[in-house]
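K.L.:
Residue 81 is where the first sequence starts when you use this note's numbering, and the numbers rise one by one after that.
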Amino acid sequence: MNYKENKLKINNSLTGEKEVFNSILDGFVGLYVCGPTVYSDVHLGNCRTFISFDVIYRYLLHLGYKVRYVRNITDAGHLENDAEEGEDKIAKKARLEQLEPMEIVQRYTLDFHKVLDQFNNLPPNIEPTATGHIIEQIEMIMDIIENGFAYEANGSVYFDVEKYNESNNYGELSKRKIEDLVAGTRTLDGQEEKRSPLDFALWKNAKPEHIMKWPSPWGLGFPGWHLECSAMSTKYLGESFDIHGGGMDLKFPHHECEIAQGTAANGSKPVNYWMHANMLTLNGKKMSKSTGNTLLPEELFSGDNEVLGRAYHPIVVRFFMMQAHYASVLDFSAEALNSSEKGFLRLMEAMKILEEIKTSKKSSFDVEGLIMKFYNAMNDDFNTPILVAHLFDAAKYIQAVNLGKETISESDKKDLTFAMNEFVFDVLGLTLPSEEKGNNESLETVMELVLQMRQKARENKDWTTADAIRDKLNEAKIVVKDDKDGATWKVQ
RNA sequence: GGUCCUGUGGCCGAGUGGCUUAGGCAAUGGUCUGCAAAACCAUCUACAGCAGUUCGAAUCUGCUCGGGACCUCCA
C-alpha cells in the first residue's frame, strides 16, 4: 500500500483541526518525539506516550514513507523546583546517591531501552542526548540573541516573550493569551533578572556547587529547560519539519517555548503538525513521578504491585492501550486489563487459525472491503480502537470459515493473511504470546503419551481418569482441549 | 483564580446531526461436547441533568452538576 493512495489525516494540535497529512518532502517524514528525563525509572504513563508514537511511526513506515524518527534523551538541564532554583535534576539525584551524574543517566537510559523493548517498540533512528548537544544549543541561543529575542542577565540568558509576541503569537499552540499568562504567574526565585515573569531561561548561570556545567559565552552554566529539543530537532530534521509529538502535559510551556525558540532563531515555524498523546491515569488521576501515583512496568510484568494483584504480559498491556485512541485519557485498572487480555488471546487464536483454514472457489464475505476498513481506521488520525474492532470482525469471519459457515477464496485468504499480519504485527506491534515452553521435544513426547493414555480412558468411558489427567495438566499450566479429531494442548 | 478538555450501557472504550445492533470484557439463554474448554448463535443494559436550535440531537448552542489536564519539573 502506497502512502499516495491514502489520505492520512492527523489531528493537528496547532490548528485544532483534523488535516490531511502532506509531508514537506514527498515520501519522507521527519518525526520528533520528546523523550524521557533519565533520572528515575520510566513509569507506565511515560510508556503510553512512546507506545502511541511507536504505532504512528510504524504506520507511516507501513504506508511507505521513509521516516527519520528522532527521540531525545534528556540527561541535563531541567530545574527541580522553585525552592531549588537553578539546580539540575540529575545533579541533585547524583549528590543524594553519591554517584556521577552520567552514572545515573546511563543506568536509567538502559532501563528505559529495556522497558520499551519489552513493549516491542521500535528504536528511533536517532536518539540524541542533551549533554551531547551543548554546542548546538549555545549556537541557537546566539542566533536568538542576534535576532533580538533574548537578553543576558548575570550570566543567564532569557527569552524575551513579550518582544517575541509583538511579531508572533506566543500561546498559539496552547491557546493561551499572554495577558492571562501574566495574570497567573507565580513568584519565582531569580525573577528579578527577568524583564517579564513569562520569560524563560535559555541558559542558566551555574552556582559553584553545581555539578553539571559547561563553558559558554555567558560563563559557566547549563542550557535552559526547553532548548535541547529545539536544537536537536533543528540539527537532525531541519528548521521546519513534519511532525512533533509528545505528551499532553508538555504542550505548555515546553512545546510553546519550542515554537518560540525555533521561530526566533530561524525565522520559520519549526513544525507543521503537532501531535499530543494523552495521559494514562491510575485511580482517575494522571500518573506522575512527583505525586507518586505511578505503576512501574516491572511491577506490572511481575505482578508485584497492589493495584492489579497479578502479572500481565507487556504485549497485553500494549494491546490494552491500542483499544483506546492515543488522544484520549485512558484509565488503568485490573478489570480493563483482564478484558483486554481475553480479547487479545481470542484475536491471536484467530491469527493462528487463519493459516490453516480451507479455501473455496468464492468468498462469502467482502474481504477487500474489510481490509479497506483497516486502512480507513488508521488513516483517520491513527484510530487504533476502530482498527481493533475491525480486526475482531475479521477474527469472527475466520472462525466462521473454520466452522464451514462462511467461505474464503484462495486469493482472498492470501490478501487477508497479508493484511492481518501487517496490521496486527507490523503496525500495532503486537506479538504472539511466547510458547517457548511448549517447543520442548521431550515435553512433546511425554504429552503425546499422556494424551494417548487419556484417549484410551475416554474410549473406555473412564471419565474419572480422563478428567483427572486433564485437571492435573491444568494445574501444571497445560490446557487440554478436546475436539472431534482428538485433543490438542498448549502451555499457558 | 485563569486556560483548555471531558462525562456513553455492569466494566473498558469508539462514534458525532437521521440506520454504527461500533468493538472488547462481563451477564443470560442456546448449539456443540461424556463433561469441560474453545468456538458459534441469540438476548440484555446507553449516550450526566435542564433548556434551546432543528423536520430530526447522544452528536450543535447555553446553563447546571461531576471528572481531568495545564498554568511549576512532568509522557
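No residue lacks a Cβ here, since even glycine has one placed at the ideal position from N, Cα and C.
Touch check for the stretch 303-315 and the stretch 208-216: three-plus C-beta pairs under 8 Å?
P.N.:
Flag = yes, the stretch 303-315 and the stretch 208-216 touch.
K.L.:
Would DSSP call ASP162 helix, strand or coil?
P.N.:
Any reading at ASP162 needs caution, since the residue's pLDDT is 36, under 50, leaving its predicted position unreliable; the model's value is listed next. Three-state DSSP puts ASP162 in a helix.
K.L.:
Ignoring anything shorter than 3 residues, give me the beta strand (DSSP E) runs that lie fully in the stretch 316-359, in order along the chain.
P.N.:
For the stretch 316-359, whole beta strand (DSSP E) runs of length 3 or above, ordered along the chain, are 321-327 and 351-357.
K.L.:
Given a cut-off of 8 Å on the beta-carbon distance, is the pair SER313 and ASN352 in contact?
P.N.:
Their beta carbons are not under 8 Å apart, which means SER313 does not touch ASN352 by this criterion.
K.L.:
When you compare only the Cα positions, how much space is there between GLU421 and LEU360?
P.N.:
In a straight line, the C-alpha of GLU421 is about 18 Å away from that of LEU360.
K.L.:
Using the rule of at least 16 other Cβ atoms within 10 Å of the residue's Cβ for burial, across every protein chain shown, is ASN363 buried or exposed?
P.N.:
Label assigned to ASN363: exposed.
K.L.:
Give the straight-line distance between the Cα atoms of VAL69 and LEU496, rounded to the nearest whole angstrom.
P.N.:
Summary: the structure shown does not reach residue 69, with the chain confined to residues 81 through 572, and so no result is reported for it.
K.L.:
By the 10 Å Cβ neighbour count, where 16 or more other Cβ atoms means buried, how is PHE462 classified, buried or exposed?
P.N.:
The residue in question, PHE462, is buried, as its Cβ has 16 or more Cβ neighbours within 10 Å.
K.L.:
Could you check what DSSP says for LYS257 in three-state terms: helix, strand or coil?
P.N.:
LYS257 falls in the coil class under three-state DSSP.
K.L.:
For the stretch 194-210 against the stretch 127-136, do three or more pairs of beta-carbon atoms, one drawn from each stretch, fall closer than 8 Å, so that the two count as touching?
P.N.:
Yes, they touch.
K.L.:
Check this for me: beta carbons of PHE229 and TYR244, under 8 Å apart or not?
P.N.:
Yes, Cβ-Cβ distance for PHE229 and TYR244 is below 8 Å.
K.L.:
Verify whether the separation of the beta carbon atoms of ASP240 and ASP279 is less than 8 Å.
P.N.:
Against a cut-off of 8 Å, the Cβ pair of ASP279 and ASP240 comes out as a contact.
K.L.:
Applying the 10 Å Cβ sphere with the 16-neighbour rule, what's the burial state of ALA556?
P.N.:
With fewer than 16 Cβ atoms within 10 Å of its Cβ, ALA556 is classed as exposed.
K.L.:
DSSP on GLY107, reduced to helix/strand/coil?
P.N.:
It is coil, neither helix nor strand.
K.L.:
Please give the ranges of any beta strand (DSSP E) in the stretch 218-260, keeping only runs that are unbroken, at least 3 residues long and fully inside the region.
P.N.:
Runs of the beta strand (DSSP E) inside the stretch 218-260: 230-233 and 236-239.
K.L.:
How many angstroms separate the CA atom of HIS393 from the CA atom of PHE381?
P.N.:
Going by the C-alpha atoms only, they are around 6 Å apart.
K.L.:
When you compare only the Cα positions, how much space is there between HIS405 and LYS293?
P.N.:
Their backbone Cα atoms lie some 41 Å apart in a straight line.
K.L.:
Counting pairs of Cβ atoms below 8 Å between the stretch 144-156 and the stretch 524-540, do you hit three or more?
P.N.:
Contact between the stretch 144-156 and the stretch 524-540 is absent, because fewer than three Cβ pairs lie under 8 Å.
K.L.:
DSSP state of GLU378, grouped into three classes?
P.N.:
Residue state, collapsed to three classes: helix.
K.L.:
For LEU450, which residues from the same chain have a beta carbon less than 7 Å from its beta carbon, with the 5 sequence-adjacent residues on both sides left out?
P.N.:
Within the same chain, LEU450 has close Cβ partners HIS470, ASP473 and ALA474.
K.L.:
Can PHE445 and TYR477 be called in contact, C-beta distance under 8 Å?
P.N.:
Their beta carbons are under 8 Å apart, which means PHE445 touches TYR477 by this criterion.
K.L.:
Measure the Cβ-Cβ separation of LEU143 and LEU88 and say whether it is below 8 Å.
P.N.:
Cβ atoms of LEU143 and LEU88: closer than 8 Å.
K.L.:
Where LYS552 and PHE424 are concerned, what is the direct C-alpha to C-alpha distance, given to the nearest angstrom?
P.N.:
Approximately 26 Å, taken between the alpha carbons.
K.L.:
Could you tell me the distance, in whole angstroms, from the CA atom of PRO116 to the CA atom of GLN479?
P.N.:
Roughly 42 Å separates the two Cα atoms.
K.L.:
State the DSSP-derived secondary structure class of LYS25, mapped to helix, strand or coil.
P.N.:
Nothing about residue 25 can be read from this structure; the chain reaches only from 81 to 572.
K.L.:
Bridge partners of GLY449, per DSSP?
P.N.:
Answer by DSSP bridge pairing: none, since GLY449 is not bridged.
K.L.:
Counting beta carbon pairs with one atom in the stretch 483-494 and one in the stretch 100-114, are three or more of them shorter than 8 Å?
P.N.:
Segments in contact, no.
K.L.:
Look at the alpha carbon of GLU164 and the alpha carbon of THR511, and state the distance between them as a whole number of angstroms.
P.N.:
The predicted position of GLU164 is uncertain, since its pLDDT is 43 and thus under 50; a value taken from the coordinates is nonetheless stated next. Rounded to the nearest angstrom, the two C-alpha atoms are 45 Å apart.
K.L.:
DSSP puts PHE412 in a beta bridge; with which residues?
P.N.:
Partner(s): LEU362.
K.L.:
Just reading off the alpha helix (DSSP H) that TYR188 is part of, what are its end residues?
P.N.:
Looking at the DSSP string, the run of the alpha helix (DSSP H) that includes TYR188 is 181-198.
K.L.:
Excluding five sequence neighbours on each side, which residues of the same chain lie with their C-beta closer than 7 Å to the C-beta of GLY518?
P.N.:
Reliability fails at GLY518, whose pLDDT of 49 lies under 50, so the model's placement of it is uncertain and no value is given.
K.L.:
Using the beta-carbon count (16 or more within 10 Å), is PHE42 buried or exposed?
P.N.:
What is shown of the chain runs 81 to 572, which leaves residue 42 out entirely.
K.L.:
Mapping DSSP to helix, strand and coil, what is LEU88?
P.N.:
Coil at LEU88, not helix or strand.
K.L.:
Any idea what DSSP makes of PRO465, helix, strand or coil?
P.N.:
In the structure shown, PRO465 sits in a helix (DSSP, three-state: H, G or I).
K.L.:
May I ask you to report which of helix, strand or coil DSSP gives PHE101?
P.N.:
Coil, per DSSP.
K.L.:
Quick one: residues in its chain with C-beta nearer than 6 Å to the C-beta of ILE549, no 5 flanking neighbours on either side, listed in chain order?
P.N.:
If we look at ILE549 and ignore the five residues flanking it on each side, its Cβ neighbours are ARG534.
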